Amino acid sequence: MFAIGGFWLNQIQKSREERTTEQRTEGERRLAEQKDQTERAIAADNQREAALQDYLDKMSELLLKEDLRESQTEDEVRKMARVRTLTVLPRLDAYRKETVLQFLRESGLINTDKCIIDLRGSQPQRSQPVGSQPGEHPLAGVIFRSANLEFATLTSANLTGSILTGANLNHADLTGANLKYAYLDGAHLSGANLGGANLSKAVLSKTNLEDALDLKDTDLCGVIGLTKEQLAACKAKGAIID
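If you count by our numbering, then the sequence shown holds residues 1262 to 1503, one letter each, in order.
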C-alpha cells in the first residue's frame, strides 16, 4: 500500500510539474508573440512616418524650386506632385493622411479657385468593399476633427468612414465624393458643392445641408441626424432620400 501510495503521489507531482512547464512554455510563447507584434507595429509606424516626411520634403522642393504653384495642367511638375500624393496616401494611417490634406490645403494646392493637385484618383469603385485601413483606399478613414478645409477641392475623393466632426467645409467642392459612413456631425457645409456625392449612412447631426450649393443626385439614404424637415428640403434640391 505504501508503494502504491508513493507511486500515486509521484504521478501527481509529475503531472503538476508537466502542467507548470506547459504553462510556463505557453506564457513564454505568448510573450514572444506580443513582443514580435509590438516590434512589427513600431517598424510599420516608423515606415509610415518616414514615407510622410519624405513626401513633405519632396513636395516642399517642388513648391520652392520647381514653382509648383505656378505650373500649368500639362506641366511635368504638376503630374509628378499628383503621382506622389496618390502614391503616399495609401501607405499612411488616418492621422498622417490628415497631415497631407492639411499640407495640401495650406500650400494652396487643392483650393477650388485653383486646384493644382487633382485627388480624383483616390476614389474607388462603389462596388468595392468599404474600408479604412492604411493601404486600401487613399483617403478612407481620415480623421479631420474641426479642421479647416474651406474652399478645398475634394472632387470624387474617397472619404468613406472619415471623421470630419466640426470640420469647416464651407464652399468646398465635394462633387461625387464618397462620404459613406462619414462622421460629419457639426460640420459646416455652407456653399459646399455636394452634387452626386454619396452621403448614405453618414452621421449629419447639427449639419446644415440646406445651405449647400448643390445637392442634385446626392445620396442621403439612411443618413443619421437630419430632421424630416431637413430631409424634405434636401429632397427638394434633388437629393436622393429613399
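We treat Cβ as the ideally placed atom computed from N, Cα and C, and that holds for glycine. Note that the coordinates shown come from a computational prediction; the quantities given were computed from them, not determined experimentally.
Sequence-distant partners of Leu1474 (beyond 5 residues in either direction) whose C-beta falls short of 7 Å from its own C-beta, in its chain, are Gly1452, Ala1453 and Asn1454. As the crow flies, the alpha-carbon of Gly1456 is around 13 Å from that of Leu1450. Residue burial is scored here from C-beta neighbours: Ala1413 has at least 16 other C-beta atoms within 10 angstroms and is therefore classed as buried.
The beta-carbon separation of Tyr1442 and Lys1462, rounded to 5 Å, stays under the 8 Å limit for a contact. Between Gly1402 and Ser1423 a beta carbon distance of about 6 Å is seen, short of the 8 Å cut, so the two are scored as contacting.
In this structure, Ala1355 is the residue among Ser1332, Ala1355 and Leu1350 with its C-alpha nearest to the C-alpha of Leu1425. Non-local beta-carbon contacts of Arg1339 in its own chain, meaning distances under 8 Å to residues more than five positions away in sequence, involve Leu1329, Ser1332, Gln1333, Ile1377 and Ile1378 in chain order. For Val1403, no alpha helix (DSSP H) run applies, since DSSP gives it neither H nor E. Going by beta carbons, Val1344 and Val1361 fall outside the 9 Å limit. Taken through DSSP and simplified to helix, strand or coil, Tyr1442 comes out as coil. In the three-state DSSP reduction, Asp1475 falls in the strand class (E or B).
Ala1500 is the residue among Leu1292, Thr1468 and Ala1500 whose C-alpha sits nearest the C-alpha of Asp1480.
The Cβ atoms of Leu1400 and Asn1429 lie no closer than 9 Å to each other.
Residue nearest to Gly1483 within the set Asn1459, Leu1313 and Leu1365 is Asn1459 (criterion: CA-CA distance).
Here Ala1302 is not near Arg1352, since their CB atoms are 9 Å or more apart. Membership of Arg1352 in any alpha helix (DSSP H) is not indicated, and neither H nor E is assigned to it by DSSP.
Closest by C-alpha distance to Arg1381, out of Leu1415, Leu1370 and Asn1409, is Leu1415.
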